[in-house]
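Read the structure below first, then the notes.
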Amino acid sequence: MRIKQLTPDRENRPLALIFLGYAFTPECLSSVDFGNYDVSVVYDYQTLEFEDLMAWEKIQNSKREIFLIAWSMGVWAANRFASGLEFQKAVAINGTPFGIHENFGIPPGTFQNSIEHFDFELFKKWCFLNDRAQAHFAFSDHPKIELQTLFKASKNVAQNRIRWTKAIVSKKDVVFPPKASSCFECPVQTILAPHFPFFKMNSLEDIFAI
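Under the UniProt record's numbering, the letters of the sequence shown match residues 1 to 210, in that order.
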């Protein structure tokens, strides 16, 4: 996994820690106003070890306020790797802590089929639906490897370890079953958006607002 700092490192400001879904890169957030937050993004699930462990340890040891946004399979990744952090707010978007799960995630058979019949262009079409023309950013060079890594890791049964403030579910999501959000005990907000929601979100403050 990789970590990228998208803003100057200003210790006097709160940190927004964002876990992306598989195959997406930090450039996908270019339309979102970060406001007063420093922003660090976790992405690239070719391996489930941090490429820059010192950068991750810096976040773990930080005394600043940390706000979490996790999207798609990033919700599963945040639950696995960031549950030891204390968050002011934690928002899950179009994903669950269980990731690949018969009832509370993407069904294992569906996920396995997406590997065996891998079609990345079709996946992107499903992610964006009518917003595809706005996606002027690069994707992972090894998306299938990321899928395989996540599927292998899913064999370890997950338990929710984060106290989520809110879950956001897109009504038009055809990647992650909206009904899986029934696993959350926090408030669930529905929005009119496809699986990739960030073209419909103007700012981090919009996401954190309850």
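Think of the CB as a built atom: it goes at the ideal place given N, C-alpha and C, for glycine as much as any other residue.
Burial state of residue i (16 or more Cβ within 10 Å)
| i | result |
| --- | --- |
| P177 | buried |
| G99 | buried |
| Q46 | buried |
| A90 | buried |
| E116 | exposed |
| F24 | buried |
| S154 | buried |
| A209 | exposed |
| V32 | buried |
| D52 | exposed |
| N94 | buried |
| D173 | buried |
| H182 | In the sequence as displayed, the identity of residue 182 is Ser instead of His. When all chains shown are included, S182 counts as exposed. |
| G109 | exposed |
Cα-Cα separation between residue i and residue j, rounded to whole angstroms
| i | j | result |
| --- | --- | --- |
| F137 | Q60 | 29 Å |
| N79 | A55 | 18 Å |
| M1 | L192 | 30 Å |
| P97 | P107 | 14 Å |
| F67 | E121 | 32 Å |
| S62 | F139 | 30 Å |
| D44 | I145 | 10 Å |
| E57 | E86 | 14 Å |
| A135 | E11 | 32 Å |
| L150 | R13 | 33 Å |
Integer Cβ distance of residue i from residue j, believed to fall under 8 Å
| i | j | result |
| --- | --- | --- |
| S83 | I207 | 20 Å between Cβ atoms; not a contact. |
| D131 | P194 | 6 Å |
| F198 | L29 | 6 Å |
N- and C-terminal bounds of the beta strand (DSSP E) containing residue i
| i | result |
| --- | --- |
| I69 | 66-71 |
| I168 | 166-170 |
| F19 | 15-19 |
Continuous alpha helix (DSSP H) stretch holding residue i: start and end
| i | result |
| --- | --- |
| T149 | 143-153 |
| Q112 | 108-116 |
| D206 | 204-208 |
| Q5 | Per DSSP, Q5 belongs to no alpha helix (DSSP H); it is in the beta strand (DSSP E), 2-5. |
- Query: Between the region 67-74 and the region 14-24, do three or more beta carbon pairs fall short of 8 Å?
  - Reply: The count of Cβ pairs closer than 8 Å, one atom from the region 67-74 and one from the region 14-24, reaches three, so the stretches are in contact.
- Query: Are the region 186-205 and the region 149-169 touching by the rule of at least three beta carbon pairs closer than 8 Å?
  - Reply: The region 186-205, when compared against the region 149-169, does touch it at the 8 Å Cβ threshold.
- Query: Can we say the region 3-15 touches the region 34-47, given the rule of at least three CB pairs closer than 8 Å?
  - Reply: Taking 8 Å as the limit for Cβ pairs, the verdict is that the region 34-47 does touch the region 3-15.
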